[in-house]
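Trainee: Take this structure first; my questions come after.
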Amino acid sequence: MNRARFIPLIVFALIVVAVAWRLAVPRDDRVASKLEGQQLPAFALPPALPGKPGLASADLASGSPRLVNVFASWCVPCAAEAPVLLELKRRGVKIDAIAIRDRPEDVAAFLARYGDPFERIGGDSESRVQIALGSSGVPESFVIDGKGVIRAQHIGPIMEQDISGILAALEAAR
Amino acid sequence: MKRALFALLLIAAPLRADSDLPPARWANEQLPDARQEAAATALMGEIRCLVCQGQSIADSDAEMAGDMRALVRERIARGESPGAVRRWLVERYGAWVSYRPPNEPLSWPLWAAPIALLVAGGWLLRGRFRRRA
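Chains as they are written, first to last, in my numbering: chain C, 1 to 174; chain A, 1 to 133.
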């Protein structure tokens, strides 16, 4: 009976440990796409702005790995990652984009201001392709191999320190 | 200084984090067929919003939730079953996106927890009664 006295204390200690653990290791609330390792869903998006081709799933199975950037002109972190995308392009990465809920003139203004690393930009005005890809926000990027299989997903802006990881993922997709 | 700060506060505008585009057609418009609309509404109440993660897409004002409502209504209107639409979303976002947890070994402890708590409570009570007697 004596030992039972310590049960509340033990329960309390367990609660303290659980709380301390979650404070030290915060929950990761990013939602990763479950399509990694699978074929891209079929889609065909119209051009997001005049003068640049739109983006279809067939364009991405081009024989060599490509990066698909899901972005929007109204998204602040997308502006933050723009210089890094330009740097990736300078290093020979082929980048296409999907513009979410955007107007052609807004996309044009965004590219004029922050630079244009994209070969093709599809306009996804109702987030359909975004949802079909399992993407849950902007910006996100997908590494697609030459056969059109999703090989990696990067959630959030690609920053300076992510360059090596992205290049490695593209190399692995070769 | 305080007054200047206050004036600054008055002209401060929140940072824009949403697009200017109007919501998709079926985001806030009911389907003409009442039975399909009922099926869609029931499903929308059980699909989690990806942006504001505590709400269902039926409750959320986020643009992406609107686009997901449009997607659910369009698929239901096309004749897809609610189960098929849910499976399509789970394929993309995992079981997390559905508020109806799948019955899998990983979640068995969760289902067993109420029973375990009842048993523990009964055991505690038994100790109490025995001491009184």
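Where is the CB? At the ideal position from N, CA and C, for every residue including glycine. Only a predicted model underlies this, so the values are computations on that prediction, with no experimental measurement involved.
Would you say residue 76(C) and residue 100(C) are within 8 Å of each other, going by their C-beta atoms?
Mentor: Against a cut-off of 8 Å, the Cβ pair of residue 100(C) and residue 76(C) comes out as no contact.
Trainee: For a contact meaning CB atoms closer than 8 Å, what does residue 35(C) contact in chain A?
Mentor: 91 and 92
Trainee: Within 8 Å of any Cβ in chain C, is that where the Cβ of residue 71(A) sits?
Mentor: yes
Trainee: List the residues that DSSP assigns as beta-bridge partners of residue 96(C).
Mentor: 68(C)
Trainee: Please list, in chain order, the residues of the segment 24 to 58 of chain C that have any C-beta partner in chain A closer than 7 Å.
Mentor: 29, 31, 33, 34 and 35
Trainee: Per DSSP, residue 140(C) forms a beta bridge with which residues?
Mentor: 70(C) and 155(C)
Trainee: Strictly below 7 Å CB to CB, what residues from chain A border residue 127(C)?
Mentor: 64 and 67
Trainee: At the level of alpha carbons, what is the spacing between residue 173(C) and residue 33(C)?
Mentor: 17 Å
Trainee: Rounded to the nearest angstrom, what separates residue 44(C) and residue 148(C) at their Cα positions?
Mentor: 14 Å
Trainee: Using a Cβ-Cβ cutoff of less than 6 Å, which residues in the same chain neighbour residue 155(C) once the five nearest sequence positions on both sides are dropped?
Mentor: 30 and 140
Trainee: Say whether the segment 53 to 62 of chain C touches the segment 115 to 130 of chain C, bearing in mind that this needs 3 or more beta-carbon pairs closer than 8 Å, one atom from each stretch.
Mentor: yes
Trainee: Just checking: is the beta-carbon of residue 96(A) within a distance shorter than 8 Å of some beta-carbon in chain C?
Mentor: yes
Trainee: Which residues of the segment 65 to 76 of chain C have a Cβ closer than 9 Å to any Cβ of chain A? Give them in chain order.
Mentor: 72, 73, 74, 75 and 76
Trainee: Below 7 Å CB to CB, which residues in the same chain sit around residue 5(C) once its five sequence neighbours on both sides are set aside?
Mentor: none
Trainee: Hey, would you say residue 158(C) sits closer than 8 Å to residue 86(C), going by beta carbons?
Mentor: Contact flag unset, no.
Trainee: Just grab the DSSP bridge partners of residue 123(C) for me.
Mentor: The partner list for residue 123(C) (beta bridge, DSSP) reads 99(C).
Trainee: Counting pairs of beta carbons, one from the segment 18 to 28 of chain A and one from the segment 49 to 68 of chain A, are three or more of them closer than 8 Å?
Mentor: yes
Trainee: State the start and end residues of the unbroken alpha helix (DSSP H) segment that holds residue 36(A).
Mentor: According to the DSSP assignment, residue 36(A) belongs to the alpha helix (DSSP H) that extends over 34 to 44.
Trainee: Decide if residue 137(C) is buried, meaning its Cβ has at least 16 other Cβ atoms within 10 Å, or exposed.
Mentor: buried
Trainee: Go through the segment 69 to 123 of chain A residue by residue and report every complete run of the alpha helix (DSSP H) that reaches 4 residues or more, in order.
Mentor: 82 to 93
Trainee: Beta-carbon of residue 19(A) versus every beta-carbon of chain C: anything under 8 Å?
Mentor: yes
Trainee: Using C-beta distances below 7 Å, list every residue in its chain close to residue 160(C), excluding the 5 sequence neighbours before and after it, in chain order.
Mentor: 84
Trainee: Got a sec: is the Cβ-Cβ distance from residue 91(C) to anything in chain A below 8 Å?
Mentor: no
Trainee: Just confirm the distance between the C-beta atoms of residue 40(C) and residue 144(C), as a whole number of angstroms; I'd bet it's less than 8 Å.
Mentor: 6 Å
Trainee: Using a Cβ-Cβ cut-off of 8 Å (strictly less than) and excluding sequence neighbours within five positions of residue 60(C), which residues of its own chain qualify?
Mentor: 40, 66, 68, 96, 144 and 148
Trainee: Measure the alpha-carbon distance for residue 116(C) versus residue 142(C) and round it to whole angstroms.
Mentor: Rounded to the nearest whole angstrom, the C-alpha separation of residue 116(C) and residue 142(C) is 18 Å.
Trainee: May I have the straight-line CA-CA distance separating residue 103(C) from residue 48(C), to the nearest angstrom?
Mentor: Using only the alpha carbons, I get a separation of about 7 Å.
Trainee: How many Å lie between residue 23(A) and residue 8(C) at the Cα?
Mentor: 53 Å
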